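Colleague: Following my numbering, the numbering of the sequence shown begins with 31 at its first residue and continues without gaps.
Note that CB positions come from ideal geometry on N, CA and C, so glycine has one too.
All figures in this text were calculated on a predicted structure; none of them were measured in a lab.
I'd like to ask some things about the structure below.
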Amino acid sequence: MAEELEYLSGFGAHLSSEAIPGALPRHQNNPLLCPLGLYAEQLSGTSFTSPRHLNQCSWFYRIKPSVTHEPFYPCIPGNKCLISEFNQHTTSATPTQLRWRPAEFSEIPTDFIDGLYTVCGAGSSFLRHGYAIHMYVANKSMEGRAFCNADGDFLIVPQHGKLFITTECGKLYAQPGEIVVIPQGFRFSIDLPDGDSRGYVAEIFGTHFRLPDLGPIGANGLAAPRDFLVPKAWYEDASYPNYTIVQKFGGELFMAKQDFSPFNVVAWHGNYVPYKYDLSKFCPFNTVLFDHADPSINTVLTAPTYKPGVALLDFVIFPPRWLVAENTFRPPYYHRNCMTEFMGLIHGVYEAKQDGFLPGGASLHSCMTPHGPDTKTFEATISRNEVNEPFRIEGTLAFMFESSLIPRVCQWALESPGLDKDYYQCWIGLKSHFSHNKESVDENGTKSSDIPQS
Ligand SMILES: [Fe+2]
């Protein structure tokens with residue numbers, strides 16, 4: 031059933047949808063009386079005065095307005111593993127390369143809200159600049175409650191288990207290999223048809239994801255706007271005594287009761303919407319002769335800062351693709367980066383790590399901390415003779431959240447039994463291959479011993 035959902039399409043498009051024909055007011059947003067006796071309500075995703083090309087808002091036409099609820103109270107016990115202010119009191123700084131094994135599934139009934147925990151992040155949701163990287167492990171659908179994140183946008187990367195997400199714009203279905211973006215302020219509820227579920231979430235404060243510029247690539251390639259899918263209007267007109275809205279506000283959870291479903295939007299229009307994207311539709315580009323493009327060539331979505339080309343958070347993938355570069359060390363190169371890289375693995379084996387980096391696990395390489403292929407990958411690559419043959423990387427899907435802001439790490443992530451304390455060992459065996467007298471051959475086939483010495 032979930033697989034049969036129909037969607038609208040188009041990234042950033044101004045869309046409209048009616049669950050009942052005629053429910054959408056024509057030619058104005060806020061008539062004296064809306065069709066079908068509905069209430070008009072706007073959801074603003076940017077300031078009213080943001081430039082037109084950046085402005086995002088939607089209009090909902092709903093059975094009762096979302097304001098119809100009792101006061102907010104702190105959730106007790108809440109979720110103490112959510113952070114939105116990253117400072118010395120809440121988190122720790124470390125330049126060490128970190129890697130975590132996949133979190134184990136719990137037998138305790140846990141829904142998406144309770145199963146969400148912050149791993150690291152930077153900045154502040156209150157100051158509208160920064161991000162948080164979370165993971166979730168859950169096994170139970172949200173029942174009788176909806177989540178609303180007032181702090182930022184969620185980019186959800188399911189790694190295990192399907193997600194069936196009801197939003198104010200309609201229903202979305204996502205499975206591992208797809209992503210979902212729920213913008214700030216949307217109320218949503220997640221059902222888990224498979225039970226055990228695990229995944230990653232990037233949360234951004236103060237901005238929204240957009241498609242990266244393509245530069246010399248031209249007008250086509252990478253993620254195509256039409257492949258981003260938006261739900262169609264869906265509503266339920268039902269009485270729900272004690273329905274709970276759980277609102278994340280400054281990293282804390284608050285709850286408010288109401289007696290109806292928040293998914294009561296009969297029609298909507300606008301460009302501020304939740305959406306999903308199938309990562310298999312990504313059209314990768316790379317070198318066709320030698321060397322590497324930088325990983326930014328695989329950017330699916332980017333959240334900008336005010337500095338041109340400097341991301342608050344990029345979402346980058348490493349999908350199946352052909353490697354054809356000649357005379358080239360094809361795995362990722364060794365490097366140190368002024369940006370910070372958080373990586374996850376959805377399935378398969380990542381090309382730079384022969385073992386230890388597992389699906390559902392994660393790694394964090396912070397600003398200027400060196401990293402690259404492990405010893406096994408390096409030795410296996412340079413010992414292969416067929417390195418010039420085209421090779422198709424298959425059966426793997428890794429991704430990276432990359433940010434210009436340096437993250438601080440949550441204490442529970444540093445104390446987690448899943449933390450791989452021997453991570454550094456994957457590089458410690460890299461040995462010197464240096465030999466002053468060693469014969470080498472350049473790209474023209476000339477031996478170093480044949481080159482006249484001056
Ligand atoms: Fe890197």
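(1) Please go through the same chain and pick out, in chain order, the residues whose beta-carbon is closer than 7 Å to the beta-carbon of D73, but skip the five residues on each side of it.
(2) For L193 and D308, what's the separation of their Cα atoms in angstroms?
(3) Using only alpha-carbon positions, find the residue among G386, L427 and E356 that is nearest to N474.
(4) With a threshold of 8 Å, are at least 3 pairs of Cβ atoms found where one atom belongs to the stretch 177–189 and the other to the stretch 243–259?
(5) So F315 and I247 are supposed to be a Cβ contact under 8 Å. How far apart are they, rounded?
(6) Identify which residue in Q384, A341, L342 and L343 has its Cα closest to the Cα of P362.
(7) Are there 16 or more other CB atoms within 10 angstroms of the CB of V97, so buried, or fewer, so exposed?
(8) Just the C-alpha distance for F431 and V346, rounded to the nearest angstrom, thanks.
(9) Does the CB of H377 have a neighbour CB from chain C at under 8 Å?
(10) I need the boundaries of the alpha helix (DSSP H) containing L15, first residue and last residue.
(11) Tell me whether L66 sits in a helix, a strand or coil according to DSSP, three-state version.
(12) Which stretch, first to last residue, makes up the beta strand (DSSP E) that contains T370?
(13) Looking at E371 and ligand 3, is the gap between the Cβ and the nearest heavy atom below 7 Å?
(14) Do the CB positions of R228 and Y166 come within less than 8 Å of each other?
(15) With a CB to CB cut of under 7 Å and the five nearest residues on each side skipped, what residues in its chain are close to K109?
(16) By Cβ distance below 8 Å, which residues in the same chain neighbour E100 in space, the five residues on each side in sequence not counted?
(17) Give a yes or no on contact between the stretch 371–379 and the stretch 427–441, applying the rule of three or more CB pairs nearer than 8 Å.
(18) Assuming P95 contacts T197 under a Cβ cut-off of 8 Å, what Cβ separation, rounded to an integer in Å, is found between them?
(19) Could you tell me which residues DSSP pairs with R351 in its beta bridges?
(20) Who are the Cβ neighbours of C313 in its own chain at under 8 Å, not counting the five residues just before and after it?
(21) To the nearest angstrom, report how far apart P51 and A263 are at their CA atoms.
(22) Please find out if some non-hydrogen atom of ligand 1 comes closer than 7 Å to the beta-carbon of H395.
(23) Are the CB atoms of A232 and L343 within a distance shorter than 8 Å?
(24) Return the Cβ separation of P223 and G390 in integer angstroms, given the expectation that the two are a contact with Cβ distance under 8 Å.
(25) Identify whether E409 lies in helix, strand or coil by the three-state DSSP scheme.
(26) Could you spell out where the alpha helix (DSSP H) holding Q58 opens and where it closes?
Modeller: Result, derived from the coordinates:
(1) Taking the sequence shown and counting its residues from 1, one reaches residue 73 at position 43. One point to set straight first is that residue 73 is Leu, not Asp, in the sequence displayed. Once the five neighbours on either side are set aside, the close Cβ partners of L73 are C87, S88, F90, G215 and Y302.
(2) Residue mapping note: residue 193 aligns to position 163 of the sequence shown, counting from 1. Residue mapping note: residue 308 aligns to position 278 of the sequence shown, counting from 1. Going from the Cα of L193 to the Cα of D308 covers about 13 Å.
(3) Counted from its first residue, the sequence shown places residue 474 at position 444. Considering only alpha carbons, the answer is E356.
(4) no
(5) As a position in the sequence shown, residue 315 is number 285, starting the count at 1. As a position in the sequence shown, residue 247 is number 217, starting the count at 1. The pair is a contact, with the Cβ atoms about 6 Å apart (cut-off 8 Å).
(6) Residue numbering aside, residue 362 sits at position 332 when the sequence shown is read from its first letter. Selected option, being the one with the closest Cα: Q384.
(7) Position 67 of the sequence shown, counting from 1, holds the residue named residue 97. Per the 10 Å Cβ criterion, exposed.
(8) As a first step, residue 431 is located in the sequence shown; it is residue number 401 there, counting from the start. As a first step, residue 346 is located in the sequence shown; it is residue number 316 there, counting from the start. Approximately 6 Å between the Cα atoms of the pair.
(9) Checking the listed chains, one finds no chain C in this structure; it contains a single protein chain.
(10) Here the chain comprises residues numbered 31 to 484, so residue 15 is not present and cannot be evaluated.
(11) Looking up residue 66 in the sequence shown gives position 36. Correct three-state label for L66: helix.
(12) Locating residue 370 in the sequence shown gives position 340, where the first residue counts as 1. T370 to H377 is the span of the beta strand (DSSP E), which, as asked, contains T370.
(13) In terms of ligand content, the structure shown lacks ligand 3 and carries ligand 1 instead.
(14) For the purposes of this step, residue 228 is identified with residue 198 of the sequence shown, where counting begins at 1. For the purposes of this step, residue 166 is identified with residue 136 of the sequence shown, where counting begins at 1. Yes.
(15) Mapped onto the sequence shown, residue 109 falls at position 79. Reading the sequence as shown, one finds Asn at residue 109 and not Lys. So the list reads I143, D144, L146 and L283, once near-sequence residues are dropped.
(16) Start at 1 with the first residue of the sequence shown, and residue 100 comes out as number 70. Closer than 8 Å at the Cβ level, and outside the excluded window around E100, lie A286, K287 and Q288.
(17) yes
(18) Walking along the sequence shown from the start, residue 95 turns up at place 65. Walking along the sequence shown from the start, residue 197 turns up at place 167. Going by Cβ atoms, the distance from P95 to T197 rounds to 17 Å, so no, they are not a contact pair.
(19) On the sequence shown, position 321 is the one that residue 351 refers to. Note: R351 sits in a beta bridge opposite I423.
(20) Taking the sequence shown and counting its residues from 1, one reaches residue 313 at position 283. For C313, where only same-chain residues beyond five positions count, the Cβ hits under 8 Å are N250, G251, L252, A253 and A254.
(21) Numbered from 1 along the sequence shown, position 21 holds the residue referred to as residue 51. Numbered from 1 along the sequence shown, position 233 holds the residue referred to as residue 263. Their backbone Cα atoms lie some 11 Å apart in a straight line.
(22) Residue numbering aside, residue 395 sits at position 365 when the sequence shown is read from its first letter. At least one heavy atom of ligand 1 is nearer than 7 Å to the Cβ of H395, so yes.
(23) The count along the sequence shown starts at 1 and reaches residue 343 at position 313. The count along the sequence shown starts at 1 and reaches residue 232 at position 202. Their beta carbons are under 8 Å apart, which means L343 touches A232 by this criterion.
(24) Stepping through the sequence shown from its first residue, residue 223 is reached at position 193. Stepping through the sequence shown from its first residue, residue 390 is reached at position 360. Going by Cβ atoms, the distance from P223 to G390 rounds to 19 Å, so no, they are not a contact pair.
(25) Against the sequence shown, residue 409 aligns to sequence position 379. Reduced to three states, the DSSP call for E409 is helix.
(26) Against the sequence shown, residue 58 aligns to sequence position 28. Unbroken run through Q58: none, as it is neither H nor E.
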